[in-house]
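For reference, the structure is listed below as structure tokens.
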Amino acid sequence: MNVLRLRWRGLILAVVVCLTYQLFLLASDEPTLTKDQIKQFLLTAKVIKSVQSKKGITNPWRLTLTDGTLTHDGSFQSVEEHKQSVEFASGTELNFVDSYKYNIAAYQLAEMLGIDDMLPVYVERKWKGETGSLSWWLPVKMDEVERHRQNLTPPDADAWNNQMYKIRVFDQLVSDTDTNLTNVLIGEDWKIWRVDFSRAFRLQGKVKSPEDLVRCDRHLLEKLKALDGNELQERTKHYLNKMEVKALMQRRDKIVERFQKLIAEKGENEVLY
Ligand SMILES: Nc1ncnc2c1ncn2[C@@H]1O[C@H](COP(=O)(O)OP(=O)(O)OP(=O)(O)O)[C@@H](O)[C@H]1O
Ligand SMILES: [Mg+2]
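Counting in the numbering used here, the sequence shown runs from 741 upward without gaps.
In structure tokens:
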């Protein structure tokens, strides 16, 4: 009888330890993983479940992956569409491209600019015979559509705006034509992430909405100035062609110019933070 009770106790203890560990993982969202470990996991973990998303246009897959120790989800996007022209409500777009490759390029670029914490880690992965981008699933509370719908205001306006200004700079730099609010995700403590760049990296050297550029993080501006086209080309060689990199560098020049002009007009403290 006593032996049985002890066994039960042992079993209950084991279950409690297991649950606590899982809760810890959930609450902390696996903070112990480095970026390289996340990349490695996404590149090699086994897919054990797949569900196709209902949000978005091309319905990427939400995959559950495991490496035996850790189980985590990812978003798999394999869109690769090239068209001479596409009609949108906003007009005709020539040389239309919708490509998973741009997700990976955007992440590489964000790393070079030191703002990769605003994107999920994206890697290239093959699944069921298709090559696509696979991103680390983020601990999202809601997206910007939902925030607007519920009419919620972030408690710390400065912290929120400072994140948004960075996203605006990045959106203009990558020339995203699909900057819709489902691609802006909100996590714990009003942390903002930007996902989905499959319609970015257009060939126009012009900045589409310069009026969006009002303030800039100091560190980001320095990184923008230092951005090297050759290094970017090298790091994105499987994902961006020379023309896409050239256009991006032209936009970079215009963004830096615009901020320098704003600084000259308004003073550094009004523009940089
Ligand atoms: N890494 C991620 N973590 C959490 N949620 C994600 C992640 N990636 C995508 N999502 C969710 O899935 C939705 C659809 O994904 P995504 O935006 O990449 O595809 P899409 O909108 O279909 O692509 P496109 O508009 O280029 O056709 C996103 O709006 C977001 O809500
Ligand atoms: Mg999207």
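No residue lacks a Cβ here, since even glycine has one placed at the ideal position from N, Cα and C.
Whole angstroms is fine: what's the gap from Pro879's alpha carbon to Ser815's? In the sequence shown, counting from the first residue as 1, residue 879 sits at position 139. In the sequence shown, counting from the first residue as 1, residue 815 sits at position 75. Pro879 and Ser815: Cα-Cα distance of roughly 13 angstroms.
Can you check DSSP and say which residues form a bridge with His812? Locating residue 812 in the sequence shown gives position 72, where the first residue counts as 1. Leu805, per the DSSP bridge assignment.
When you measure from the CB of Pro894 to every non-hydrogen atom of ligand 1, does any distance come out below 6 angstroms? Along the sequence shown, read from residue 1 onward, the residue named residue 894 stands at position 154. Answer for Pro894: no, Cβ out of range of ligand 1.
Going by DSSP, name the residue or residues bridged to Lys823. The residue given as residue 823 occupies position 83 in the sequence shown. Answer is Phe836, bridged to Lys823.
Using only the heavy atoms of ligand 1, determine whether one of them is closer than 6 angstroms to the beta carbon of Ser915. Walking along the sequence shown from the start, residue 915 turns up at place 175. No - ligand 1 has no heavy atom lying nearer than 6 angstroms to the Cβ of Ser915.
My output table needs one value for Thr922: the three-state DSSP class, helix, strand or coil. Taking the sequence shown and counting its residues from 1, one reaches residue 922 at position 182. The answer is helix: DSSP assigns Thr922 an H, G or I state.
Could you tell me if the beta carbon of Pro860 falls within a distance shorter than 6 angstroms of some heavy atom in ligand 1? For the purposes of this step, residue 860 is identified with residue 120 of the sequence shown, where counting begins at 1. It does: the Cβ of Pro860 is within 6 angstroms (strictly closer) of some heavy atom of ligand 1.
Environment of His812 [buried if 16+ CB atoms lie within 10 Å]: Locating residue 812 in the sequence shown gives position 72, where the first residue counts as 1. By the 10 Å Cβ count, His812 comes out buried.
Taking contact to mean at least 3 C-beta pairs separated by less than 8 angstroms, is the segment 903-919 in contact with the segment 937-949? yes
For Thr804 and Leu773, what's the separation of their Cα atoms in angstroms? Position 64 of the sequence shown, counted from the start, is the residue given in the question as residue 804. Position 33 of the sequence shown, counted from the start, is the residue given in the question as residue 773. For Thr804 and Leu773, the distance between alpha carbons rounds to 17 angstroms.
Taking just the CA atoms, how far does Lys965 sit from Asp993? Walking along the sequence shown from the start, residue 993 turns up at place 253. Walking along the sequence shown from the start, residue 965 turns up at place 225. When rounded, the distance between both Cα atoms is 8 angstroms.
So the candidates are Ala899, Lys946, Leu892, Glu886; which of them puts its Cα closest to the Cα of Asn920? Against the sequence shown, residue 920 aligns to sequence position 180. Comparing Cα positions, the closest option is Glu886.
Which residue wins for smallest C-alpha separation from Glu1010, given the options Val819, Gln973, Leu953? On the sequence shown, position 270 is the one that residue 1010 refers to. Nearest of Val819, Gln973, Leu953 to Glu1010, Cα basis: Leu953.
His888 versus Phe937, Leu925, Val947, Asn902, residue with shortest Cα-Cα distance: Here residue 888 is taken as the residue at index 148 of the sequence shown, counted from 1. For His888, the nearest C-alpha among the options comes from Leu925.
At a threshold of 6 angstroms, does Gln817 count as lining ligand 1 (C-beta to nearest heavy atom)? Counting from one through the sequence shown, the residue named residue 817 turns up at place 77. Correct: Gln817 has its Cβ closer than 6 angstroms to ligand 1.
Express the C-alpha separation of Lys931 and Met694 in angstroms, rounding to a whole number. Residue 694 lies beyond the range of the chain shown here (741 to 1013); nothing can be said about it.
CB-CB under 6 angstroms to Lys841, same chain, minus the five flanking residues each way: which ones, in chain order? Within the sequence shown, the letter at position 101 stands for residue 841. Answer for Lys841: Tyr979, listed in chain order.
Enclosing beta strand (DSSP E) for Gly969 [first to last residue]: Here the question's residue 969 lines up with position 229 in the sequence shown. Here Gly969 belongs to no beta strand (DSSP E); instead the alpha helix (DSSP H) covers 969-975.
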